[in-house]
Amino acid sequence: MAGASDKARFYLEQSVPELRELERKQLFTRDEITAIAKKRSEFEHVLNARGSHPSDYARYVTYEMNVEALRKKRSKRVGVKAGGHSGQRRIFFILERATRKFHGDVGLWMLYIEFARKEKARKKLQEVLTGALRMHPTKPELWIYAARWAVDDEADMTMARSYMQRGLRFCQKSRLLWLEYAKLEMIYVAKIAARRSILGLDQEPQAKAQQETPAGDDMAADMIALPAITAEDINPSLSTESASAGDTDDVALQNLAATPVLTGAIPRAVFDAAMAEFAHDAALGEQFFDLFAAFTLAPCTPALLLHVVSALLSAAPDAVPTLACHFRQPVFGVSVSSPAFPRALGESLARVKAALQAADVAARPLLAEKAVLFLLPLLRSERSERNEHSEERDEGEGEMDPALRKVVRASLRQYVRALEGEEQVAGVVDALKGAKRVADARALVALGAKQWPGSERLLQVQAALES
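For the sequence shown, UniProt numbering begins at 1 and goes up steadily by one.
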């Protein structure tokens, strides 16, 4: 016990100069300094004694964070600089001792990482991340966190890929890690596509030329058009040089659009590797389908969805997730007001009908549930979705044709009848509510109430939605 007291006294003596400076600059009163020293003494004796727990270190760190926040606030108010980075160093030192003693506690590592990230201590954060990953290489959450930090804070996609690929070596059976890797690549593709769109690099040369050439107005028709004198008229050699440069730029843009990043080759490779790792599991394939479908503006998404559906049809053609992806794929990316939407909707409904006819009795309710979840969002046009959050109405917004809306409603009623009963409807409503699709949940409750009038279970679900 004497050794523990000596250690505690040693650590406390190191903070004496800092406390004296805080008192000298009148950031803390003598009573407050005494209270801080007493509290630190209590914590140090607990930490250095036998039987200390990770929660003791966490409480000590929280206390020091509060003291440091108060010091910064008073320094800013008084207008003096005191302490420098001593508070930060002290917290880092406590966290270093904590992770060294309880290196198996992931919570302490995350507390250390979050504090370093908050303080923008890049080198320290990278060092702590490396230590945490060495101690816990089989924790997929740590690899995902490291990859997100590399992208969000460092804007380093190469480092993020390195974290993900190293993580997959240790966590090959982690579905979450495979999905997050594909999501990371899709975010990268979407960012590049958005940047190309802002810069106008995603347009064809002829379309760009038409946009740059203004249309003539009535006033211009009454004026004499004078020829414009350019540098090419004075030096004809510039004309050939500019033409060759323009051709070179067009070829470069075409080559850029065909790179594996923009064509979705990397997410496709991740999907193929994941399916091979999990024996072509259809449920995992549907998760990849949902993930890719969330990136509606990425140019490679339609091709990726088609690839997922083709892979699932070849591996597990009769699985419910495969059939669900198959009938959802035709309408992806097609606006409800587009001339191509009726054909796409007809193709999707035909696939649903064929799937229900070919499925066995046990699979039909599950397929009907998938069909209901697929058709419910189609009832909400772009205008209705926007007006859920805003009362303003814009003219010219796209809406579904009334005849098509009638077809969707009739199909929904048919598939609701194919469900096993009001209990399954209530389960789907709860899932929609959990996914924050309240409008879809209300629409489904209304359809279920027509099919099973007077159902107490549906009345309870409806009351829960309105509360």
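Yeah, the Cβ is synthetic: ideal placement off N, Cα and C, and Gly gets one too.
Local conformation of residue i per DSSP, three classes
i: THR263; result: helix
i: HIS103; result: coil
i: HIS307; result: helix
i: MET400; result: coil
i: HIS85; result: coil
i: HIS136; result: coil
i: GLU119; result: coil
i: TRP452; result: coil
i: SER348; result: helix
i: ASP281; result: coil
i: PRO17; result: helix
i: GLN462; result: helix
i: THR158; result: helix
i: GLY3; result: helix
i: LEU379; result: helix
i: HIS326; result: helix
i: GLY434; result: helix
i: THR34; result: helix
i: GLN26; result: coil
i: PRO317; result: coil
i: PRO299; result: coil
i: SER337; result: coil
i: PHE332; result: coil
i: LEU419; result: coil
i: GLY427; result: helix
i: SER411; result: helix
i: ARG50; result: coil
i: THR248; result: A caution first: THR248 carries a pLDDT of 48, below 50, which makes its placement in the model unreliable, though a value can still be read off. Three-state result, THR248: helix.
Contact under 8 Å by Cβ, residue i with residue j
i: PHE292; j: ALA190; result: no
i: ILE188; j: MET159; result: Per the sequence presented here, residue 188 reads as Tyr, with Ile not at that position. In this structure, MET159 does not lie closer than 8 Å to TYR188 by Cβ.
i: PRO339; j: ASP440; result: no
i: ALA4; j: HIS45; result: yes
i: PRO317; j: GLU286; result: no
i: LEU129; j: ALA58; result: no
i: ILE192; j: VAL261; result: yes
i: VAL429; j: VAL445; result: yes
i: ILE36; j: VAL67; result: yes
i: ALA8; j: SER41; result: yes
i: GLN424; j: PRO365; result: yes
i: LEU412; j: LEU375; result: yes
i: LEU419; j: GLU466; result: no
i: GLY264; j: ALA319; result: no
i: ALA355; j: LEU367; result: yes
Same chain only: Cβ atoms within 6 Å of residue i, ignoring 5 sequence neighbours per side
i: SER348; result: PHE327, PRO330, VAL331
i: VAL334; result: ALA340, PHE341, ALA344
i: residue 468; result: Look at the range of the chain in this structure, 1 to 467, and you will see that residue 468 is not part of it.
i: ARG117; result: LEU125
Spatial neighbours of residue i in its chain, beta-carbon cut-off 7 Å, leaving aside the 5 residues before and after
i: ALA147; result: ALA160, TYR163, MET164, LEU184
i: ALA426; result: ARG457, LEU458, VAL461
i: ALA132; result: TRP109, ILE113, LEU142
i: THR138; result: PHE170, CYS171
i: ILE266; result: GLU185, PRO260
i: ILE94; result: TYR57, TYR60, VAL61, GLU64
i: GLU23; result: ARG30, ILE33
Cutoff 8 Å: residue i Cβ touching any chain B Cβ
i: PRO365; result: Of the protein chains in this structure there is only one, and it is not chain B.
Close-in-space but distant-in-sequence residues of the same chain around residue i (CB under 8 Å, 5 per side omitted)
i: LEU313; result: THR322, HIS326
Is the stretch 94–109 close to the stretch 69–76, with three or more CB pairs under 8 Å?
no
The stretch 169–177 in contact with the stretch 275–288 per 3-pair CB rule at 8 Å
Result yes; three or more Cβ-Cβ pairs closer than 8 Å.
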